[in-house]
Each structure stands twice: as structure tokens, then as C-alpha cells.
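Each residue of the sequence shown is one higher than the last, beginning at 1 in UniProt numbering.
Heads up, the beta-carbon is just placed ideally off N, CA and C, and yes, glycines get one too.
What follows is a short report on a single structure.
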Amino acid sequence: MLTVQKLDKILVKTLYYVCGFLMFLMVSVVTAQVISRYLFNSPLTWTEELARYTFVWVSFLGMAVAIKYGSHIALDMLVRKLTGVSRKTLMVFNNMLVLIFSGILTYSGFEFVKLGARQSSPSLSLPMELVYIVIPISGILLIYFVLSETIQIIRKAGDEQ
Numbered sequence: 001m002l003t004v005q006k007l008d009k010i011l012v013k014t015l016y017y018v019c020g021f022l023m024f025l026m027v028s029v030v031t032a033q034v035i036s037r038y039l040f041n042s043p044l045t046w047t048e049e050l051a052r053y054t055f056v057w058v059s060f061l062g063m064a065v066a067i068k069y070g071s072h073i074a075l076d077m078l079v080r081k082l083t084g085v086s087r088k089t090l091m092v093f094n095n096m097l098v099l100i101f102s103g104i105l106t107y108s109g110f111e112f113v114k115l116g117a118r119q120s121s122p123s124l125s126l127p128m129e130l131v132y133i134v135i136p137i138s139g140i141l142l143i144y145f146v147l148s149e150t151i152q153i154i155r156k157a158g159d160e161q
């Protein structure tokens, strides 16, 4: 049976590889654009668009990894000053706020995907739903990672009592 820890490892490893590939693709495409524009005086029209879409994907998927490891931007002055139950309560409250945001992000992302079904990108002629699908994917990953962390906080609080 797949445990939560194994699923976490698989998800995070997959996210790292996908983000790494997308970063490599983005750097390669931008490099090709610079070379074609300045050395050959013939810019590639599709590179800027592909670089933009890969950047969006890396940003949204990277947000999920940052949430998993607690490396996102946070104001933790108050959390660091508190101890015990009050600290854990505040951490759970913060996670609930992130869950609300993630739920809104997921719902709005699915609405964006519906809008993208009728659109295509100008240069690449990609269906925009392929670009927008990362928004609800990221929201679902955020929900999963935040729920997982919240359950761990609550379990640790129960073990300490």
C-alpha cells in the first residue's frame, strides 16, 4: 500500500524533474532566441511564447514544492515567538488560510481551463487549456501538501499531550 510519505516522495521527485526539464527548456529556448536574433538577425517568433508558458508552469509547480518544504515567503515572527499549543494552533490556522486560498485557486483554475478551451496561443497554436491546466494542478498539489502538514502538526500535538 502506498503510504503518505511514499506518495510525498514520488510527487516531490516528479515535480523536481518536471520543473528541472521546464527550466532547461526555458533557458534553451531563450538562448536560441538570443542567438537567432543577434547572430542571424532572424528572430524565432515562437520562442518568447514558449519561454513565457514554461515560466508560468515552473512558477506554479514550484509553488507546490515550496509549500511542501516550507520555503515559501512567510511572516513567521509571531510563530517563532510562540511555543507549545499556541504555536501549533497558529500554524494550523495559517494552514487553513492557505487551504482556502488553494481552494479558490483550484476552482478559478478550472474556470480558466474552460475559457482556454475556446482559445489558442498566437505563435504556437497551442490550446490555451494546456497552459491554464497548471493552475488547478498546482491548487490540488497545494491542498494535498497543506493537508498533509496540518495532519502532522495535529498528530504531533496529540503525541505531546
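**Item:** DSSP-derived helix/strand/coil call for P122
**Value:** Counting from one through the sequence shown, the residue named residue 122 turns up at place 122. The answer is coil: DSSP assigns P122 none of H, G, I, E or B.
**Prompt:** Mind checking whether P127 and S138 have CB atoms under 8 Å apart?
**Reply:** Taking the first residue of the sequence shown as 1, we reach residue 127 at position 127. Taking the first residue of the sequence shown as 1, we reach residue 138 at position 138. Taking a C-beta distance under 8 Å as the contact criterion, P127 and S138 do not qualify as a contact pair.
**Request:** Figure out for me which residue from W57, I154 and I73 has the closest Cα to the Cα of L90.
**Result:** Indexing the sequence shown from 1 puts residue 90 at position 90. The alpha carbon of L90 has as its nearest neighbour, out of W57, I154 and I73, the alpha carbon of I154.
**Request:** Just mark residue 165 as buried or exposed, buried being the case when its beta carbon has 16 or more other beta carbons within 10 Å.
**Result:** Beyond the ends of the chain as shown, which are 1 and 161, falls residue 165; an answer cannot be given.
**Request:** Go ahead and pull the three-state DSSP assignment for P43.
**Result:** Mapped onto the sequence shown, residue 43 falls at position 43. Coil.
**Asked** Around the C-beta of F21, are 16 or more other C-beta atoms found within 10 angstroms, so that it is buried, or is it exposed?
**Response** Residue mapping note: residue 21 aligns to position 21 of the sequence shown, counting from 1. Under a 10 Å Cβ-count criterion, F21 is classified as exposed, with fewer than 16 other Cβ atoms of the shown protein chains found around its own Cβ.
**For K81 and L130, the rounded distance between their alpha carbons** = In the sequence shown, the residue the question calls residue 130 occupies position 130. In the sequence shown, the residue the question calls residue 81 occupies position 81. Approximately 44 Å, taken between the alpha carbons.
**Inter-residue spacing [alpha-carbon to alpha-carbon] between L141 and V29** = Position 141 of the sequence shown, counted from the start, is the residue given in the question as residue 141. Position 29 of the sequence shown, counted from the start, is the residue given in the question as residue 29. About 27 Å.
**Request:** Measure the CB-CB distance between R37 and P43 and report whether it falls below 8 Å.
**Result:** Translated into positions along the sequence shown, residue 37 becomes position 37. Translated into positions along the sequence shown, residue 43 becomes position 43. P43 is positioned such that its CB atom lies closer than 8 Å to that of R37.
**Asked** From residue 168 to T14, what does the alpha carbon distance come to, in whole angstroms?
**Response** No statement about residue 168 is possible, as the shown extent of the chain runs from 1 to 161 and does not include it.
**Prompt:** Straight-line CA distance for N41 to L25?
**Reply:** Residue 41 sits at position 41 when you count from the first residue of the sequence shown. Residue 25 sits at position 25 when you count from the first residue of the sequence shown. One C-alpha to the other measures close to 22 Å.
**Asked** From the DSSP output, which residues share a beta bridge with P136?
**Response** Counting from 1 along the sequence shown, the entry for residue 136 is found at position 136. The partner list for P136 (beta bridge, DSSP) is empty, contrary to what the question assumes.
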